[in-house]
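Visitor: Here the UniProt record's numbering is used: the first residue of the sequence shown is 1, the next is one more, and so on.
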Amino acid sequence: MQSVCRRVGACSSCLNRQLNGFLALIKWQRSPVPVCIRTIYSETGRWEKNYGQETRRRVENWWFPRIKEQFCRISETDKSRPKFYVLSMFPYPSGKLHMGHVRVYTISDTVARYQKMRGMQVLNPMGWDAFGLPAENAAIEHGLHPASWTQSNIQHMREQFDALGLSFTWEREVTTCLPEYYKWTQYLFLKLFESGIVYQKEALVNWDPVDQTVLANEQVDDNGCSWRSGAKVEQKYLKQWFIKTTAYAKAMFDALSDLPEWYGIKEMQANWIGDCVGCSLDFLLKVNGEVSGEKLAAYTYTPEAIYGASHLYILPSHRLLHGNSSLKEVFQREFIPGEDSLTSVTAVNLLTNQEIPVVISAKTSFENYLDTKIGIPSTSAEDAAVAKNLSISFIEVIEKLPNGLEKVINSGEFTGMTRQDALKALTQQAKNKGIGGDLMSDKLRDWLISRQRYWGTPIPVIHCQKCGTVPVPYEDLPVVLPNVTTFTGKGASPLETVPEWVNCAYTHWYFFINKPFNRDLADYWMPVDLYIGGKEHAVMHLFYARFFSHFCHDLKMTKYKEPFHKLLVQGLIKNQTFRLRTTGQYLKREEVDLTGTEPVHLKTGEKVQVTWEKMSKSKHNGIDPEELMKEYGIDTIRLYILFAAPPEQDILWDTKTDAMPGVQRWQTRLWTLVTKLIEARTSETIPNPEVLSKKEKAEAKRIWEQKNLVISEVTEYFTKDHLFNAAISRLMSLSNVLHQASWPLVLHSAEYEDALATLCIMVAPMAPHIASEMWKGLAHIENKLCTHHNWGADVLHQSWPKVDPEYLASTINNKACGKVVVPQQAARNVEEVHEIVLQSELGAKHLQGRTIKKAFLSPRTALINFLVQE
Numbered sequence: 001m002q003s004v005c006r007r008v009g010a011c012s013s014c015l016n017r018q019l020n021g022f023l024a025l026i027k028w029q030r031s032p033v034p035v036c037i038r039t040i041y042s043e044t045g046r047w048e049k050n051y052g053q054e055t056r057r058r059v060e061n062w063w064f065p066r067i068k069e070q071f072c073r074i075s076e077t078d079k080s081r082p083k084f085y086v087l088s089m090f091p092y093p094s095g096k097l098h099m100g101h102v103r104v105y106t107i108s109d110t111v112a113r114y115q116k117m118r119g120m121q122v123l124n125p126m127g128w129d130a131f132g133l134p135a136e137n138a139a140i141e142h143g144l145h146p147a148s149w150t151q152s153n154i155q156h157m158r159e160q161f162d163a164l165g166l167s168f169t170w171e172r173e174v175t176t177c178l179p180e181y182y183k184w185t186q187y188l189f190l191k192l193f194e195s196g197i198v199y200q201k202e203a204l205v206n207w208d209p210v211d212q213t214v215l216a217n218e219q220v221d222d223n224g225c226s227w228r229s230g231a232k233v234e235q236k237y238l239k240q241w242f243i244k245t246t247a248y249a250k251a252m253f254d255a256l257s258d259l260p261e262w263y264g265i266k267e268m269q270a271n272w273i274g275d276c277v278g279c280s281l282d283f284l285l286k287v288n289g290e291v292s293g294e295k296l297a298a299y300t301y302t303p304e305a306i307y308g309a310s311h312l313y314i315l316p317s318h319r320l321l322h323g324n325s326s327l328k329e330v331f332q333r334e335f336i337p338g339e340d341s342l343t344s345v346t347a348v349n350l351l352t353n354q355e356i357p358v359v360i361s362a363k364t365s366f367e368n369y370l371d372t373k374i375g376i377p378s379t380s381a382e383d384a385a386v387a388k389n390l391s392i393s394f395i396e397v398i399e400k401l402p403n404g405l406e407k408v409i410n411s412g413e414f415t416g417m418t419r420q421d422a423l424k425a426l427t428q429q430a431k432n433k434g435i436g437g438d439l440m441s442d443k444l445r446d447w448l449i450s451r452q453r454y455w456g457t458p459i460p461v462i463h464c465q466k467c468g469t470v471p472v473p474y475e476d477l478p479v480v481l482p483n484v485t486t487f488t489g490k491g492a493s494p495l496e497t498v499p500e501w502v503n504c505a506y507t508h509w510y511f512f513i514n515k516p517f518n519r520d521l522a523d524y525w526m527p528v529d530l531y532i533g534g535k536e537h538a539v540m541h542l543f544y545a546r547f548f549s550h551f552c553h554d555l556k557m558t559k560y561k562e563p564f565h566k567l568l569v570q571g572l573i574k575n576q577t578f579r580l581r582t583t584g585q586y587l588k589r590e591e592v593d594l595t596g597t598e599p600v601h602l603k604t605g606e607k608v609q610v611t612w613e614k615m616s617k618s619k620h621n622g623i624d625p626e627e628l629m630k631e632y633g634i635d636t637i638r639l640y641i642l643f644a645a646p647p648e649q650d651i652l653w654d655t656k657t658d659a660m661p662g663v664q665r666w667q668t669r670l671w672t673l674v675t676k677l678i679e680a681r682t683s684e685t686i687p688n689p690e691v692l693s694k695k696e697k698a699e700a701k702r703i704w705e706q707k708n709l710v711i712s713e714v715t716e717y718f719t720k721d722h723l724f725n726a727a728i729s730r731l732m733s734l735s736n737v738l739h740q741a742s743w744p745l746v747l748h749s750a751e752y753e754d755a756l757a758t759l760c761i762m763v764a765p766m767a768p769h770i771a772s773e774m775w776k777g778l779a780h781i782e783n784k785l786c787t788h789h790n791w792g793a794d795v796l797h798q799s800w801p802k803v804d805p806e807y808l809a810s811t812i813n814n815k816a817c818g819k820v821v822v823p824q825q826a827a828r829n830v831e832e833v834h835e836i837v838l839q840s841e842l843g844a845k846h847l848q849g850r851t852i853k854k855a856f857l858s859p860r861t862a863l864i865n866f867l868v869q870e
């Protein structure tokens, strides 16, 4: 019966309408309680005038499965079409979506649908960042194996994504905890190992005594406690695996200038990397003239002056004094607290073969993350003072020339070179010998990766007593996790569940679509055209992802160095939290009295602290997406998310309560516009544009102009700025213009009909269900005046509207004419910017004698566009 109803519902003949009415009557008679059954056009062939809650529910129920089926299967053999790769940061499979998920994936879904309507072959994959300590701890608490826990969460979250109607390329799903995925993580690790980019060393780490694992600095709170267990974090020296990301620091810093504007993110990346003016060089340590077997990398700000090195500094907290070093006793014996301590240990520079003493600094810290530095008196007055105080001899290696330049002297084969040339030559020679030389800043450290306990990618190396550290052969990958079966009792100790030898790593390369070594496919899809995620990941995660891409490019595995063309970071969705001032305990809203001048606890009368924080179940300020969907529907939530604020700004939930009814009202107004046109065209009068008066034709032209202007603006918002809130605002203005149109225009104007159809198409990527039903209603209007639309296809299969050539001929769009300095306080006010430009020399040159029809300002890009009539 359903297939019959669907088929006849798409027909406009009287017979089929009667049949649908009969079927609806049968359904009504079968209902146990007589109710008024509302229907929609797609089910019955009759247009429902009112867009209330029941109509909205029926519209979404009808279109939900059809829209999902329509979206995207990609053809990897068809490379004739331009591609668009939109990628959202993969979620951790906690088992429950939150509003932050809804926001980021609504944005990516909207972009994907828009780009598909532009004729692009769209890739919008989804995956799961499925490894990690939180999953392991949660599994232990529930008495489950992490694999079972993670897979069940993934299944549940997939169902939640489906319920939201989000359009992912599910055939490209990635799950990082599956061996078929982490096989390639291990493959990359071996490539890094072969290239000398992976190494082990003893390092001071943050140790969680409860979770029995190493923590990143970001996982330790301001009180020195673990973010997860709450335990006081200990400082320990442990042998750890590192990836030498610093080797790519200079290349990644320089590459930032070639990337498009990332709205502040490039600056964050540049600051994280730092000014790459110095480098580390390797030294071999001796004690009493005997080689100790210990090596040490030390940083210098002036590598070109390395022949003038007088000593090598280490901090009192250095691992050589506290770890498992064979020199620990010597250093501890010779260290005098509070003084620069000259030791009997010497360091041989593996680049110059010079031997210099090791000094334990009186300082407790150096700049940024340094714990080892090279003392070079020629370029540092402080180093010269220390050398003189400890009676360490040194030579000058920098000579100033009369022309203001400097050259190096007493520097072997590099003598006579300018400092800049010597810098390039010395560092290149060090890199060639594999003893350092990569330009980097003193801010940056190599990436410590072995931070998981059990639930992470196994590091594919064999620790052999005879052969040392040996990589696993490629043909033996993947090295799978051991089958631990002791994740039993709830609250089981991690130490009882995990073998001690397991060492695991993170992954940050999933943007290569699970086939990173198919060069042809990678070159077609990469780089990612738009990468979307939280701003909190815009530093480290982005840095590591860029590192992997640069590394793969150097191995000639990929065409492009940079993985992401444009980056869109979205803000948080925050809600109010209520905390007792004395204990910091979070309260539920219903436990707080908000009627007085200050909020107080209903039970005790104690004053309550009110703040805005990221939504969280533990803070009692979360909003359940599923409940919201039931109450408002998918389209309303999507429009709210997009309309409440620009993507990068936080949304304060309670202060945006006006946005929800606002987008609801707009949906009703859109529905009313379609209803009005359907009713006008089903009347006895045949539409005829020739009957319009001169005044009415002028009104029709204004609608045509407004349509073209809105197409121009909304397309730019979608393509360039991703200001969906501004796009919705402009579409609202177009709908207002259509609401004000006189009845003759509704009946006889091709401009009105085309503007309404165009409005419907532009709404579709953001609110696909209501747009699909409205389009179906428009498509079955008889005596249509516009024939250029593909009325036989659904709205999401329409081409994105383009500005009419005649309109373009009379306007200047997006032509950069120059720059005008605007005071910062006026930069976001379109009227003020408009006036300043008009009074400028540039404005007089380009705008004088022209009628300005509209000016619109993008504060983010500092661009003001003037639409003018010749």
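Each residue gets a CB set at the ideal place from its N, CA and C atoms; glycine is no exception.
Keep in mind that this is a model prediction, so the values were computed, not measured.
#1: Quick check on the DSSP output: the alpha helix (DSSP H) that includes residue 184 runs from which residue to which?
#2: Whole angstroms are fine: how far does the CA of residue 199 sit from the CA of residue 243?
#3: Between residue 573 and residue 671, is the Cβ-Cβ spacing less than 8 Å?
#4: Give a yes or no on whether the C-beta atoms belonging to residue 305 and residue 398 are separated by under 8 Å.
#5: Do you know offhand how far residue 315's Cα is from residue 566's?
#6: Quick check: the Cα distance between residue 131 and residue 179, rounded to an integer number of angstroms?
#7: Counting C-beta neighbours from all protein chains within 10 Å, is the total for residue 842 16 or more, i.e. buried, or is it exposed?
#8: Leaving out five residues before and five after residue 543 in sequence, what residues of the same chain have Cβ atoms less than 8 Å from its Cβ?
#9: Got a sec, what are the start and stop residues for the alpha helix (DSSP H) residue 552 sits in?
#10: Can you list, in chain order, the residues of its chain whose CB lies under 8 Å from that of residue 338, leaving out five sequence neighbours each side?
#11: For the beta strand (DSSP E) containing residue 299, list its first residue and its last residue.
#12: Which term fits residue 788, buried or exposed, when burial requires 16 or more other beta carbons within 10 angstroms of its beta carbon?
#13: Under 8 Å, with one C-beta from each stretch per pair, do the segment 707 to 726 and the segment 772 to 783 reach the 3-pair mark?
#14: Could you check which residue in 696, 809, 598 has the C-alpha nearest to that of residue 578?
#15: Suppose you measure from the CA of residue 847 to the CA of residue 856; what does that come to, to the nearest Å?
#16: Closest by CA to residue 86, which one among 116, 95, 128?
#17: Under a Cβ-count criterion, where at least 16 other Cβ atoms within 10 Å of its own Cβ denotes burial, should residue 196 be classed as buried or exposed?
#18: Can you give the Cα-Cα distance for residue 537 and residue 731, rounded to whole angstroms?
#19: Starting from residue 529, follow the beta strand (DSSP E) in both directions and report where the run begins and ends.
#20: With a CB to CB cut of under 8 Å and the five nearest residues on each side skipped, what residues in its chain are close to residue 469?
#21: In the DSSP assignment, find the unbroken beta strand (DSSP E) run with residue 121 in it and report its ends.
#22: State the DSSP-derived secondary structure class of residue 630, mapped to helix, strand or coil.
#23: Since residue 479 and residue 458 should fall inside the 8 Å C-beta cutoff, what is the C-beta to C-beta distance between them, to a whole number of angstroms?
#24: Express the C-alpha separation of residue 834 and residue 550 in angstroms, rounding to a whole number.
#25: Please work out which residues of its chain come closer than 6 Å, Cβ to Cβ, to residue 125, disregarding the five sequence neighbours upstream and downstream, and give them in chain order.
#26: Can you grab the Cα-Cα spacing for the pair residue 853 / residue 695, in whole Å?
#27: Can you list, in chain order, the residues of its chain with a C-beta nearer than 6 Å to that of residue 888? Leave out the 5 residues immediately preceding and following it.
#28: Out of curiosity, what's the CA-to-CA distance linking residue 94 and residue 220?
#29: Just to confirm, are residue 750 and residue 801 a CB contact at a threshold of 8 Å?
#30: Buried or exposed: which applies to residue 110, given that a residue is buried once 16 or more other Cβ atoms fall within 10 Å of its Cβ?
#31: Return the chain-ordered list of same chain residues with a C-beta closer than 6 Å to the C-beta of residue 873, the five sequence neighbours on each side being excluded.
#32: Output yes or no for whether 8 Å exceeds the beta carbon distance between residue 311 and residue 357.
#33: Do residue 347 and residue 296 have their C-beta atoms within less than 8 Å of each other?
#34: Pull up the distance between the alpha-carbon of residue 449 and that of residue 325, whole angstroms please.
#35: Secondary structure at residue 559, three-state DSSP: helix, strand or coil?
#36: Please state if the CB of residue 712 and the CB of residue 803 are separated by a distance shorter than 8 Å.
Guide: Taking the definition as stated:
#1: The residue given as residue 184 occupies position 184 in the sequence shown. 179 to 194 is the span of the alpha helix (DSSP H), which, as asked, contains residue 184.
#2: Within the sequence shown, the letter at position 243 stands for residue 243. Within the sequence shown, the letter at position 199 stands for residue 199. Between residue 243 and residue 199, the C-alpha separation is close to 7 Å.
#3: Looking up residue 573 in the sequence shown gives position 573. Looking up residue 671 in the sequence shown gives position 671. No, the pair does not count as a contact, with Cβ atoms beyond the cut-off.
#4: By 1-based counting over the sequence shown, the position of residue 305 is 305. By 1-based counting over the sequence shown, the position of residue 398 is 398. Yes, these two residues count as a Cβ contact at 8 Å.
#5: Mapped onto the sequence shown, residue 315 falls at position 315. Mapped onto the sequence shown, residue 566 falls at position 566. CA-to-CA, the gap between residue 315 and residue 566 works out to about 42 Å.
#6: Along the sequence shown, read from residue 1 onward, the residue named residue 131 stands at position 131. Along the sequence shown, read from residue 1 onward, the residue named residue 179 stands at position 179. Here the alpha carbons of residue 179 and residue 131 stand approximately 12 Å from one another.
#7: One-based indexing of the sequence shown puts residue 842 at position 842. Under the 10 Å beta carbon count, residue 842 is surrounded by fewer than 16 other beta carbons and is classified as exposed.
#8: Counting from 1 along the sequence shown, the entry for residue 543 is found at position 543. Cβ neighbours of residue 543 beyond the five flanking positions: 245, 252, 269, 272, 273.
#9: The residue given as residue 552 occupies position 552 in the sequence shown. Residue 552 -> alpha helix (DSSP H) spans 540 to 554.
#10: Taking the first residue of the sequence shown as 1, we reach residue 338 at position 338. Cβ contact annotation for residue 338 (same chain, cutoff 8 Å, sequence separation greater than five): 362, in chain order.
#11: In the sequence shown, the residue the question calls residue 299 occupies position 299. Counting along the chain, the beta strand (DSSP E) containing residue 299 begins and ends at 290 to 300.
#12: The residue you call residue 788 lines up with position 788 of the sequence shown. When all chains shown are included, residue 788 counts as exposed.
#13: Contact between the segment 707 to 726 and the segment 772 to 783 is absent: fewer than three C-beta pairs spanning the two stretches fall below 8 Å.
#14: Residue 578 sits at position 578 when you count from the first residue of the sequence shown. Minimum Cα distance to residue 578 is reached at 598.
#15: What you label residue 847 is simply residue 847 of the sequence shown in a count that begins at 1. What you label residue 856 is simply residue 856 of the sequence shown in a count that begins at 1. Cα to Cα, the separation comes out at about 15 Å.
#16: As a first step, residue 86 is located in the sequence shown; it is residue number 86 there, counting from the start. Nearest to residue 86 by alpha-carbon distance, out of 116, 95, 128, is 116.
#17: Taking the sequence shown and counting its residues from 1, the one referred to as residue 196 is at position 196. Residue 196 is classed as exposed because its beta carbon has fewer than 16 other beta carbons within 10 Å across all chains shown.
#18: Counting from one through the sequence shown, the residue named residue 537 turns up at place 537. Counting from one through the sequence shown, the residue named residue 731 turns up at place 731. When only Cα atoms are considered, residue 537 and residue 731 end up about 32 Å apart.
#19: For the purposes of this step, residue 529 is taken as residue 529 along the sequence shown, with counting starting at 1. Counting along the chain, the beta strand (DSSP E) containing residue 529 begins and ends at 528 to 534.
#20: By one-based count along the sequence shown, residue 469 stands at place 469. Answer for residue 469: 200, 461, 462, 463, listed in chain order.
#21: Residue numbering aside, residue 121 sits at position 121 when the sequence shown is read from its first letter. Here the beta strand (DSSP E) through residue 121 covers 121 to 123.
#22: Position 630 of the sequence shown, counted from the first residue, corresponds to residue 630. Helix at residue 630.
#23: Sequence index remark: in the sequence shown, residue 479 carries index 479 (1-based). Sequence index remark: in the sequence shown, residue 458 carries index 458 (1-based). About 5 Å separates the two Cβ atoms, so the contact holds.
#24: Taking the sequence shown and counting its residues from 1, the one referred to as residue 550 is at position 550. Taking the sequence shown and counting its residues from 1, the one referred to as residue 834 is at position 834. When only Cα atoms are considered, residue 550 and residue 834 end up about 43 Å apart.
#25: Taking the sequence shown and counting its residues from 1, the one referred to as residue 125 is at position 125. Apart from the 5 residues on each side of it in sequence, residue 125 sits with its Cβ closer than 6 Å to the Cβ of 169, 172 in its chain, given in chain order.
#26: Position 853 of the sequence shown, counting from 1, holds the residue named residue 853. Position 695 of the sequence shown, counting from 1, holds the residue named residue 695. Rounded to whole angstroms, residue 853 to residue 695 spans 19 Å at the Cα level.
#27: Residue 888 falls outside the range modelled here, since the chain spans only 1 to 870, and no answer is possible.
#28: Taking the sequence shown and counting its residues from 1, one reaches residue 94 at position 94. Taking the sequence shown and counting its residues from 1, one reaches residue 220 at position 220. CA-CA distance, residue 94 to residue 220, rounds to 21 Å.
#29: Residue numbering aside, residue 750 sits at position 750 when the sequence shown is read from its first letter. Residue numbering aside, residue 801 sits at position 801 when the sequence shown is read from its first letter. No, Cβ-Cβ distance for residue 750 and residue 801 is not below 8 Å.
#30: As a first step, residue 110 must be located in the sequence shown, where it is residue number 110. Residue 110 comes out buried.
#31: A query on residue 873 cannot be resolved here, the shown segment of the chain reaching from 1 to 870 and no further.
#32: Position 311 of the sequence shown, counting from 1, holds the residue named residue 311. Position 357 of the sequence shown, counting from 1, holds the residue named residue 357. Their beta carbons are under 8 Å apart, which means residue 311 touches residue 357 by this criterion.
#33: The count along the sequence shown starts at 1 and reaches residue 347 at position 347. The count along the sequence shown starts at 1 and reaches residue 296 at position 296. A contact, by the Cβ cut-off of 8 Å.
#34: The residue labelled residue 449 in the question sits at position 449 within the sequence shown. The residue labelled residue 325 in the question sits at position 325 within the sequence shown. Taking C-alpha positions only, residue 449 is separated from residue 325 by approximately 22 Å.
#35: Position 559 of the sequence shown holds residue 559. Residue 559 falls in the coil class under three-state DSSP.
#36: In the sequence shown, counting from the first residue as 1, residue 803 sits at position 803. In the sequence shown, counting from the first residue as 1, residue 712 sits at position 712. Against a cut-off of 8 Å, the Cβ pair of residue 712 and residue 803 comes out as a contact.
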